[in-house]
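A.B. asks: Before anything else, here's the structure in question.
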Amino acid sequence: MTRSRLDDLIAEDAGTDAESAGGGGTFFTELKADPGALGLDSLLAEVNKLQRMRALELPPELFGDVSEKLVGAWRARAAKEYPSDLRAAAGPVRYTLLATLCHVRETEITDSLVEIVHPARAEDQHAGGEEGRG
């Protein structure tokens, strides 16, 4: 079931002709994009991305026994790929790269939303969790 949801991330969008460049109008392409200028629209778009990634139901411990360096390398590789390249890749490669990107982006988006909604709290956490001192 999770594999079919991961495949849906890179499924061709019949309403676009950008596929000729290898990109295509997919959630995968949207997932890789930066949120843009801070505003209500970008905030809602990031919340939507987060909800769609959580719907994949990837286990939080999925990469628990994999080094952060390797996860980072897989994430970087996935971010460079076009949807058409991933569709053509062998299943194990495709699912590893897609799951890695989603897993890491879920964390990145969650962190950025916390910083937007609670900027002072996020600063405290980055400073070592010394909130409440003053």
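Under the numbering used here, read the sequence shown as residues 6 to 139, first letter to last. Positions of the beta carbon are idealized from the N, C-alpha and C atoms, including for glycine.
With H, G and I counted as helix, E and B as strand and the rest as coil, what does DSSP make of V119?
C.D. replies: Helix.
A.B. asks: Can at least three beta-carbon pairs, one atom from the region 6-15 and one from the region 84-103, be found at a separation below 8 Å?
C.D. replies: The region 6-15 vs the region 84-103: in contact.
A.B. asks: DSSP on S9, reduced to helix/strand/coil?
C.D. replies: In the structure shown, S9 sits in a helix (DSSP, three-state: H, G or I).
A.B. asks: So which of G44, L106, S72 has the shortest CA-CA distance to Y87?
C.D. replies: When each option's Cα is compared against that of Y87, the closest is L106.
A.B. asks: Spatial neighbours of L55 within its chain, please: C-beta separation below 6 Å, excluding the five flanking residues on both sides.
C.D. replies: Correct list, in chain order: I114.
A.B. asks: Only counting runs of 4 or more residues, tell me where the alpha helix (DSSP H) segments fall wholly within the region 36-100, in order along the chain.
C.D. replies: Runs of the alpha helix (DSSP H) inside the region 36-100: 45-59, 73-85, 88-93.
A.B. asks: Compute the beta-carbon to beta-carbon distance between L48 and H108, rounded to the nearest angstrom, for a pair I have assumed lies under 8 Å.
C.D. replies: Contact flag wrong, Cβ pair sits at about 22 Å.
A.B. asks: May I ask you to report which of helix, strand or coil DSSP gives I114?
C.D. replies: Here I114 sits in helix by DSSP.
A.B. asks: Among R59, D70, A94, which residue has its Cα nearest to the Cα of R110?
C.D. replies: Ranking R59, D70, A94 by Cα distance to R110 puts R59 first.
A.B. asks: Check E104 in the structure and name its three-state DSSP category.
C.D. replies: The amino acid at residue 104 is misidentified as Glu; the sequence shows Ala. If DSSP states are grouped into helix, strand and coil, A104 belongs with the helices.
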